[in-house]
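Take a look at the structure below.
There are 4 protein chains.
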Amino acid sequence: MSISISARFAFHLFEPTDLLLQFEAADIPEQEVLSTTTKLAPALHVARVPAHNHIGERIWVRAEGAYAVGYEAEVEINRIAPDLASLAAVDPHALPGEAVEYLFDSRYCQADRMQNFVADRFGDLSGGAQVLAMCDWISDNFHYEPGASNAQTTALDSFAERRGICRDYAHVLIAFARASTIPARYVSCFAPGVDPQDFHAVAEVFLADPSVPEGGAWYLADPTGMADPAKTAKIGIGRDAADVSFLTTFRHSRFEFSEVRVTETK
Amino acid sequence: MSISISARFAFHLFEPTDLLLQFEAADIPEQEVLSTTTKLAPALHVARVPAHNHIGERIWVRAEGAYAVGYEAEVEINRIAPDLASLAAVDPHALPGEAVEYLFDSRYCQADRMQNFVADRFGDLSGGAQVLAMCDWISDNFHYEPGASNAQTTALDSFAERRGICRDYAHVLIAFARASTIPARYVSCFAPGVDPQDFHAVAEVFLADPSVPEGGAWYLADPTGMADPAKTAKIGIGRDAADVSFLTTFRHSRFEFSEVRVTETK
Amino acid sequence: MSISISARFAFHLFEPTDLLLQFEAADIPEQEVLSTTTKLAPALHVARVPAHNHIGERIWVRAEGAYAVGYEAEVEINRIAPDLASLAAVDPHALPGEAVEYLFDSRYCQADRMQNFVADRFGDLSGGAQVLAMCDWISDNFHYEPGASNAQTTALDSFAERRGICRDYAHVLIAFARASTIPARYVSCFAPGVDPQDFHAVAEVFLADPSVPEGGAWYLADPTGMADPAKTAKIGIGRDAADVSFLTTFRHSRFEFSEVRVTETK
Amino acid sequence: MSISISARFAFHLFEPTDLLLQFEAADIPEQEVLSTTTKLAPALHVARVPAHNHIGERIWVRAEGAYAVGYEAEVEINRIAPDLASLAAVDPHALPGEAVEYLFDSRYCQADRMQNFVADRFGDLSGGAQVLAMCDWISDNFHYEPGASNAQTTALDSFAERRGICRDYAHVLIAFARASTIPARYVSCFAPGVDPQDFHAVAEVFLADPSVPEGGAWYLADPTGMADPAKTAKIGIGRDAADVSFLTTFRHSRFEFSEVRVTETK
Chain A
1 MSISISARFA FHLFEPTDLL LQFEAADIPE QEVLSTTTKL APALHVARVP AHNHIGERIW
61 VRAEGAYAVG YEAEVEINRI APDLASLAAV DPHALPGEAV EYLFDSRYCQ ADRMQNFVAD
121 RFGDLSGGAQ VLAMCDWISD NFHYEPGASN AQTTALDSFA ERRGICRDYA HVLIAFARAS
181 TIPARYVSCF APGVDPQDFH AVAEVFLADP SVPEGGAWYL ADPTGMADPA KTAKIGIGRD
241 AADVSFLTTF RHSRFEFSEV RVTETK
Chain B
267 MSISISARFA FHLFEPTDLL LQFEAADIPE QEVLSTTTKL APALHVARVP AHNHIGERIW
327 VRAEGAYAVG YEAEVEINRI APDLASLAAV DPHALPGEAV EYLFDSRYCQ ADRMQNFVAD
387 RFGDLSGGAQ VLAMCDWISD NFHYEPGASN AQTTALDSFA ERRGICRDYA HVLIAFARAS
447 TIPARYVSCF APGVDPQDFH AVAEVFLADP SVPEGGAWYL ADPTGMADPA KTAKIGIGRD
507 AADVSFLTTF RHSRFEFSEV RVTETK
Chain C
533 MSISISARFA FHLFEPTDLL LQFEAADIPE QEVLSTTTKL APALHVARVP AHNHIGERIW
593 VRAEGAYAVG YEAEVEINRI APDLASLAAV DPHALPGEAV EYLFDSRYCQ ADRMQNFVAD
653 RFGDLSGGAQ VLAMCDWISD NFHYEPGASN AQTTALDSFA ERRGICRDYA HVLIAFARAS
713 TIPARYVSCF APGVDPQDFH AVAEVFLADP SVPEGGAWYL ADPTGMADPA KTAKIGIGRD
773 AADVSFLTTF RHSRFEFSEV RVTETK
Chain D
799 MSISISARFA FHLFEPTDLL LQFEAADIPE QEVLSTTTKL APALHVARVP AHNHIGERIW
859 VRAEGAYAVG YEAEVEINRI APDLASLAAV DPHALPGEAV EYLFDSRYCQ ADRMQNFVAD
919 RFGDLSGGAQ VLAMCDWISD NFHYEPGASN AQTTALDSFA ERRGICRDYA HVLIAFARAS
979 TIPARYVSCF APGVDPQDFH AVAEVFLADP SVPEGGAWYL ADPTGMADPA KTAKIGIGRD
1039 AADVSFLTTF RHSRFEFSEV RVTETK
């Protein structure tokens, strides 16, 4: 399965400003970047650094005034996407050290506060079947309302308000999974089928890998139901949206627009 | 400089519960663990995993009922603790990839919301001098009030309420530093001079390392003024207190007590 | 129905402090205070003022150091407590002006953020039947956990955490009712059957009064199920717990203890 | 002093919706409404009710689809606006019952959490001089940034972020005053000099009335510095913005625009 990606976005910087960009499909074993073109407006400095867990890259830019970014890529997805329902949980004391940080609370995902609800509602299930039940519950109980959330909105807010966009759906799933001692992280990505077309976000959960005795692996899960793991190109991962925004500015800036198109090519 | 550490704590688990412990001084180049004794109550499972950035270890325990931990150690501190005032900031675009995550917002440290205050109050300074001014401001404006904060209290809360304990002081400094594009992280530690004696927490900031051209390093900073970096034994680090609690339980539990003694031995 | 009330509480004031007390059963048509004894420790000033909507009284005290209060009363409850299920809602545009403020958000009851949930879950009901369904839902989905909430906990917090005490149960019901355009207020009260015995809190909702054409009245509703309206003595009312605490101090103070006993006498 | 007011606003209701409007200058002793014209679009129901403390009126409307409101008025302001610096505080135990509710925390004004800051920063002053110092502090430390706050933003948020609009400035002043045991309420109003022209909001504080022994009165205070009390026409008052929005809808709606013009006429 290959997908073709085209993305453009622009913003305005009122003074010389440091910012981080992370918008390119990551070149990792589960997906091969066949071709890629990145166009950055001129800047005072540009530097690339590896991103979270060495999945993808971040680009440091120092610039001022109007700034625009263009990106085109062709990505072949080789990810194996098993039925989550068949996957067991990994016992907490068997979790590898690098998965442990994805159990802890993060900026937008306060799992500690969801323990009663998660135990009451999903406590009779475990592993992948539990994660699927969480996805279904979110899908059934939430209203997809662009504009209803903002950069301050947390999983706790979304859970009470029962609405949001992909970012908020992913945050709630991450909080639920962590509250059930399943490591969960945030994945920014490109996927065909996302409506309206835009940068997308899903969750990734750490469950048993049936091919490795006592081993575990990360599996994509999208509570919006819009992204098929077999057609999804990861940009990067993090503990939540605070870690993998496509644009993080360290001064006030004005966002102008973004335009994303993702299509299946074979 | 050597310090002698003695710590005990106990809690009750109402059902078989997975929990994480992180309470031992880390064995890392800047501090040498000369002797150590850890006593854990019997458990269903015990497993050690490396902690954040491979600084120290976490212990997975699965247990039920009353549970107690005892720890004794002798640690020699070899850390070089330069005067922060002499250290320059590292340009954001020169930050190594592994420092970048410590610029982002975390559970308790919402740096994005402190940008106006930090720019207005500390904007005429930079680097270590700026961090010292932040420490002084916190020390001057905060009331050290045990019991005034809890596990939900964030840097934003503390900043408004002007009170808290070491955890809260560290969170506010971390949020301030990040708002000024200085990577900052949370350090749980043992230090003589902490009053009342207890597990302690300070911040660590990433600034230029004068001995390495274009390089940077992490430096301890304690806005409570109680811990001397030359006498502080690190337990572990993380983005904030969510990552390095000495006890994280994944079910409801009842904390019984903790008792910590730290003394200089030479 | 008569009830006998005995209450004592004490606290410590570190400096000369103004405080408000509101702990006595109100003398209002629906309940007759047969006998009453209030003992206040000596104070610098004492003054009584009418409380919210002239239901009950508040006592201003200015004092310092240890302070104790004792209260004994016999109250006859004459309240008519119809089956809520039989009561219609009052159309919003027919609400009297003095009920309108109880539709608005207050410190602990952010009804605006519950609209989706309330419409989805309770939207097919109205009036008293809807309020009863809300009470049942809270009772079924919440854990009564003394110590799990504090003076900062809001209805939004409780709704996510699914736990709390009478105060939190009442706040959630109030937020739900207001989100459905039913005026709702907070009632502090004494009631036999409260377990453990303590000051109690319930909600009151404004619904149609079958005996008055186009009229409305306030009706008690207790989502904890512990207080019977026919045996409940109101202390006071307000928009939420911020308005009718039995003790509000305007400086830091240390609460010592409270002890409440309420029994049916005939 | 007379002012001429012209206001228009419009919104869209997706289904039959109950809403409250409060946008007309109140007819009260301190200001005389010389002429007034209110144009409401056709509605399913319209009913007027007295507003908070009988200052002004609220209009209940039930309507659907596009809805527009127009208002023209000429108001003569007779308010006496003494120099706040000359006014003493009223002792808490001398406050009348109806002022007491304005000491309590409300939806957006969490005074309990500001006590340390207020005592440390303003504790050497009292009464009107203290309120003026609070206004100056807000004016000096805040950035007036339209768009930086939203309907969820509280005084605590604004205090940390150091920015907002008139609503947020008023909320912070109200929280400060209450933390110092000075009753404070929210006033929606029209005033010339507001830039950009719009519905405006200020605070009102309860201080000693020099003309009445032991008496008190409400005095306007605007931390934005844009509204002159001698030229301000009150619309209504409440505990905070939750109580006196010019438009409160009890279902989701889409706001279209508002346009306000206020000029001095003599």
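Chains as they are written, first to last, in the working numbering: chain A, 1 to 266; chain B, 267 to 532; chain C, 533 to 798; chain D, 799 to 1064.
Here a beta-carbon is modelled for each residue, glycine too, at the ideal position from N, C-alpha and C.
Tell me which residue opens and which closes the alpha helix (DSSP H) that residue i is part of.
{"i": "B/E340", "result": "It is not in any alpha helix (DSSP H) - B/E340 instead sits in the beta strand (DSSP E) that spans E323 to I343."}
{"i": "D/L1045", "result": "Taken as a continuous stretch (DSSP letters only), D/L1045 belongs to no alpha helix (DSSP H), being part of the beta strand (DSSP E) at L1045 to T1047."}
{"i": "D/A913", "result": "Rather than Ala, the amino acid found at residue 913 of chain D in this sequence is Gln. Element bounds for D/Q913: Q913 to F920."}
{"i": "C/G725", "result": "First-last for C/G725: undefined, no H or E at that position."}
{"i": "B/Q376", "result": "Unbroken run through B/Q376: none, as it is neither H nor E."}
{"i": "D/A927", "result": "G925 to N939"}
Could you give the distance in angstroms between the alpha-carbon of residue i and the alpha-carbon of residue j?
{"i": "B/H318", "j": "B/I503", "result": "6 Å"}
{"i": "B/P348", "j": "B/L306", "result": "37 Å"}
{"i": "B/V397", "j": "B/L350", "result": "8 Å"}
{"i": "B/A507", "j": "B/Y452", "result": "7 Å"}
{"i": "B/Y374", "j": "B/N416", "result": "12 Å"}
{"i": "A/A129", "j": "A/V172", "result": "17 Å"}
{"i": "C/H675", "j": "A/A94", "result": "31 Å"}
{"i": "A/A230", "j": "A/S4", "result": "14 Å"}
{"i": "D/V847", "j": "C/Y634", "result": "14 Å"}
{"i": "C/L657", "j": "C/R694", "result": "23 Å"}
{"i": "B/V312", "j": "A/S139", "result": "38 Å"}
{"i": "D/A866", "j": "A/A201", "result": "39 Å"}
{"i": "A/T36", "j": "A/E72", "result": "6 Å"}
{"i": "B/A273", "j": "B/G491", "result": "22 Å"}
{"i": "C/F799", "j": "C/F708", "result": "Because chain C here runs from 533 to 798, residue 799 of chain C falls outside it and cannot be looked at."}
{"i": "B/R527", "j": "A/I174", "result": "38 Å"}
{"i": "D/A946", "j": "D/I875", "result": "32 Å"}
{"i": "B/S454", "j": "B/I501", "result": "5 Å"}
{"i": "A/D18", "j": "A/E64", "result": "9 Å"}
{"i": "C/Q563", "j": "C/L553", "result": "20 Å"}
{"i": "D/F997", "j": "D/E1062", "result": "16 Å"}
{"i": "C/A651", "j": "A/N141", "result": "11 Å"}
{"i": "A/D195", "j": "A/A227", "result": "10 Å"}
{"i": "D/D1020", "j": "D/A968", "result": "7 Å"}
{"i": "B/Y485", "j": "B/Q463", "result": "23 Å"}
Please look up how many angstroms separate the CB atoms of residue i and residue j, rounded, as I've assumed it's under 8 Å.
{"i": "D/A1031", "j": "D/V873", "result": "4 Å"}
{"i": "B/V299", "j": "B/A309", "result": "Not confirmed; about 23 Å, so no contact."}
{"i": "D/A982", "j": "D/A958", "result": "About 20 Å separates the two Cβ atoms, so there is no contact after all."}
{"i": "D/I826", "j": "D/I853", "result": "6 Å"}
{"i": "A/I165", "j": "A/P192", "result": "About 18 Å separates the two Cβ atoms, so there is no contact after all."}
{"i": "B/G393", "j": "B/A355", "result": "4 Å"}
Which residues mark the beginning and the end of the beta strand (DSSP E) in which residue i is found?
{"i": "D/L818", "result": "S800 to L819"}
{"i": "B/E364", "result": "Taken as a continuous stretch (DSSP letters only), B/E364 belongs to no beta strand (DSSP E), being part of the alpha helix (DSSP H) at G363 to V366."}
{"i": "C/F789", "result": "S785 to E796"}
{"i": "C/R580", "result": "H577 to P582"}
{"i": "B/S454", "result": "A450 to F456"}
{"i": "B/E470", "result": "H466 to A474"}
{"i": "C/V622", "result": "Element bounds for C/V622: n/a, residue is neither H nor E."}
Meets three-Cβ-pair contact criterion under 8 Å: the stretch 378-386 of chain B and the stretch 445-458 of chain B: yes
Given 8 Å, three or more beta-carbon pairs between the stretch 241-252 of chain A and the stretch 474-481 of chain B: no
The stretch 516-530 of chain B / the stretch 277-288 of chain B touching (three or more Cβ pairs under 8 Å): yes
Minimum length 4: unbroken alpha helix (DSSP H) runs contained in the stretch 675-713 of chain C: 687-693 and 698-711
Contact between the stretch 147-156 of chain A and the stretch 125-139 of chain A (3+ Cβ pairs under 8 Å): no
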